[in-house]
Amino acid sequence: MMSKTENISITASREGLDDDNLTGTPPDIPKLMPGGNYIKIGRDSAKSTYLLFAPPEEEVGILAKSLNTFKKHGVNLLHIESRPSTKMPDLYEFMVECAPSGNLGGAIEDIRGNSQYLQIISRDYKDNKDTVPWFPRRIRDLDRFANQILSYGAELDSDHPGFTDPVYRERRKYFADLAYNYKHGQKLPHVDYTKEETETWGKVFRQLKTLYSTHACKEHNHVFPLLEENCGYREDNIPQLEDVSNFLKDCTGFTLRPVAGLLSSRDFLAGLAFRVFHSTQYIRHPSKPYYTPEPDVCHELLGHAPLFADPEFAQFSQEIGLASLGAPDDYIEKLATCFWFTVEFGLCQEGGKLKAFGAGLLSSYGELQYALAGKSEYRPFEPVKTAVQKYPITEYQPVYYIAESFEDAKEKMIKYAATIPRPFGVRYNAYTQSIEVLDSKPQIQRLVSNIGSEMSILIDSLKKL
1 MMSKTENISI TASREGLDDD NLTGTPPDIP KLMPGGNYIK IGRDSAKSTY
51 LLFAPPEEEV GILAKSLNTF KKHGVNLLHI ESRPSTKMPD LYEFMVECAP
101 SGNLGGAIED IRGNSQYLQI ISRDYKDNKD TVPWFPRRIR DLDRFANQIL
151 SYGAELDSDH PGFTDPVYRE RRKYFADLAY NYKHGQKLPH VDYTKEETET
201 WGKVFRQLKT LYSTHACKEH NHVFPLLEEN CGYREDNIPQ LEDVSNFLKD
251 CTGFTLRPVA GLLSSRDFLA GLAFRVFHST QYIRHPSKPY YTPEPDVCHE
301 LLGHAPLFAD PEFAQFSQEI GLASLGAPDD YIEKLATCFW FTVEFGLCQE
351 GGKLKAFGAG LLSSYGELQY ALAGKSEYRP FEPVKTAVQK YPITEYQPVY
401 YIAESFEDAK EKMIKYAATI PRPFGVRYNA YTQSIEVLDS KPQIQRLVSN
451 IGSEMSILID SLKKL
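Read in full-length UniProt numbering, the sequence shown has 215 at position 215, and its numbers run on one by one without any break.
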């Protein structure tokens with residue numbers, strides 16, 4: 001779940017390593033604040049800097065030699081790993097996580113002068129043109145930021161319908177606990193929803209379903225009956241994230257992951273690059289079943305989930321995520337805006353009529369009707385223009401963007417991503433569930449070779465038709 005307001009591993013190689021060159025990792029203990037929200041104490045990964053480098057030659061003790069550089073400059077290391085270089089197959093590369101201590105700049109310059117290559121990855125990068133914003137390289141890296149929420153979770157603003165309801169606040173704390181303790185690879189938390197929560201879901205479900213046949217896009221209407229059949233979508237039952245996630249994975253490889261509240265745009269979009277959608281499990285306050293100030297399980301499962309089962313839409317969503325990896329802040333804001341006007345509030349042409357595919361529309365009875373009533377301005381989806389359009393977050397949209405098709409939107413997104421200034425390309429490796437950074441000729445050559453093999457299979461298959 002992305003913030004609407006912010007436009008936005010693990011075994012250390014210890015060859016010849018002095019123990020005093022590594023800091024003990026402070027426990028990431030969650031501190032429960034008065035409002036029920038969790039704040040991390042101990043290590044702050046947002047302040048860490050990651051260095052990826054390859055020494056000029058392979059020799060005994062090369063890791064210890066490199067690490068002595070950090071010791072000399074008083075830089076504490078939080079994490080170390082080594083692996084064969086993807087850029088230069090005959091060499092090994094090291095990735096180290098540096099704490100904000102000592103003379104990090106001096107250590108970087110020494111490492112740069114004694115390495116075949118050096119890449120700096122950091123969240124605190126704004127004053128250094130050589131650094132790249134940190135982004136997850138493996139799917140389990142999503143654990144690093146999944147609990148760095150911006151707002152809500154168990155803590156509610158004073159204007160929230162449940163702010164003065166102690167029972168609801170305690171229930172939100174329960175959901176925050178589930179999301180906070182979840183780690184990649186675990187089974188998604190099972191929730192026993194209360195009768196009142198199920199009744200709230202039922203009201204929303206029943207009302208929206210009357211509009212889907214006339215207002216929702218064909219892709220949504222194709223998948224929705226399958227969700228009813230396979231995932232328990234019905235008026236008297238709130239589906240479990242685990243069931244929906246497994247269904248989506250079988251369809252497109254997308255999975256769901258529980259989250260306690262709003263993530264930053266950069267973190268949320270990074271999840272999409274791995275075909276992971278961060279989803280809440282809590283539900284809106286029963287006093288206002290047709291209103292919620294933040295995305296809830298109704299929004300996630302009725303609005304988002306059905307479209308993630310469509311291959312073209314899934315690919316389009318992933319392209320936005322891939323484009324965000326290592327992108328400058330201003331482009332994160334632009335990509336988040338493109339996400340807003342498509343995945344959240346997008347319209348499409350279907351048989352000469354407008355239909356809704358955005359989750360913000362498909363989970364809102366009132367705005368779903370409003371968006372197709374001709375009361376707003378309609379514009380074609382062009383990422384360059386869409387990315388700079390301002391939008392309100394507390395009222396119906398004055399402007400909606402129309403995609404000719406998911407395929408067309410995907411191709412436009414790929415072309416737009418090519419304009420983002422970053423010193424590398426990225427590719428998602430579905431076999432290893434990792435991001436490959438493409439910034440060397442050997443990597444490109446291997447990719448071309450793989451594409452050639454796939455083309456041979458396609459050509460051979462066509463000949464047999």
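Ideal placement from N, C-alpha and C gives every residue a C-beta, glycine not left out. All values reported here derive from a predicted model rather than from experimental measurement.
Bridge partners - residue i, DSSP secondary structure assignment
i: G346; result: Answer by DSSP bridge pairing: none, since G346 is not bridged.
i: P84; result: Y92
i: S434; result: R138, N429
i: P258; result: S279
i: I234; result: First, the residue type needs correcting, since residue 234 is Arg and not Ile in the sequence shown. The partner list for R234 (beta bridge, DSSP) reads N237.
i: K412; result: DSSP lists no partner for K412.
i: L118; result: F53
i: A403; result: C348
i: P133; result: S122
i: C98; result: T49, L77
i: A417; result: Answer is none; A417 lacks a bridge partner.
i: A387; result: According to DSSP, which records beta bridges pairwise, A387 is partnered with nothing at all.
i: A216; result: A356
Residue j beta carbon less than 7 Å from that of residue i
i: P136; j: G326; result: no
i: S85; j: A54; result: yes
i: T49; j: D110; result: no
i: H79; j: A107; result: no
i: V426; j: L322; result: yes
i: T200; j: P293; result: no
i: I283; j: D296; result: yes
i: R138; j: S434; result: yes
i: P56; j: Q116; result: yes
i: M88; j: L52; result: no
i: L354; j: L211; result: no
i: V276; j: T255; result: yes
i: V244; j: A179; result: no
i: E344; j: G360; result: yes
i: R140; j: H184; result: yes
i: C348; j: A403; result: yes
i: F205; j: N230; result: no
i: residue 495; j: A371; result: One cannot answer for residue 495 here, as it falls past the ends of the chain, which runs 1 to 465.
i: F357; j: C217; result: yes
i: L118; j: V75; result: no
i: F406; j: F316; result: yes
Range covered by the beta strand (DSSP E) that runs through residue i
i: residue 468; result: The chain is shown from 1 up to 465; residue 468 falls before or after that span and cannot be answered.
i: P380; result: 377 to 380
i: L354; result: 353 to 356
Residue environment, residue i, which counts as buried when at least 16 other CB atoms sit within 10 Å
i: D310; result: buried
i: T394; result: exposed
i: N147; result: buried
i: K390; result: exposed
i: G42; result: With a pLDDT of only 35 at G42, under the threshold of 50, the placement of this residue in the model should not be trusted; the figure read from the coordinates follows. The residue in question, G42, is exposed, as its Cβ has fewer than 16 Cβ neighbours within 10 Å.
i: I451; result: exposed
i: A430; result: exposed
i: Y416; result: buried
i: residue 470; result: Nothing can be reported for residue 470, as the shown portion of the chain is limited to 1 through 465.
i: P423; result: exposed
i: T419; result: exposed
i: L272; result: buried
i: Y428; result: buried
Boundaries (first-last residue) of the alpha helix (DSSP H) holding residue i
i: I108; result: 104 to 113
i: D267; result: 265 to 273
i: F339; result: 329 to 339
i: Q369; result: 365 to 371
i: A176; result: 166 to 181
i: L67; result: 62 to 72
**OP:** Any chance you could list the alpha helix (DSSP H) runs of at least 4 consecutive residues sitting entirely within the region 280 to 324, in chain order?
**Re:** 305 to 308, 311 to 324
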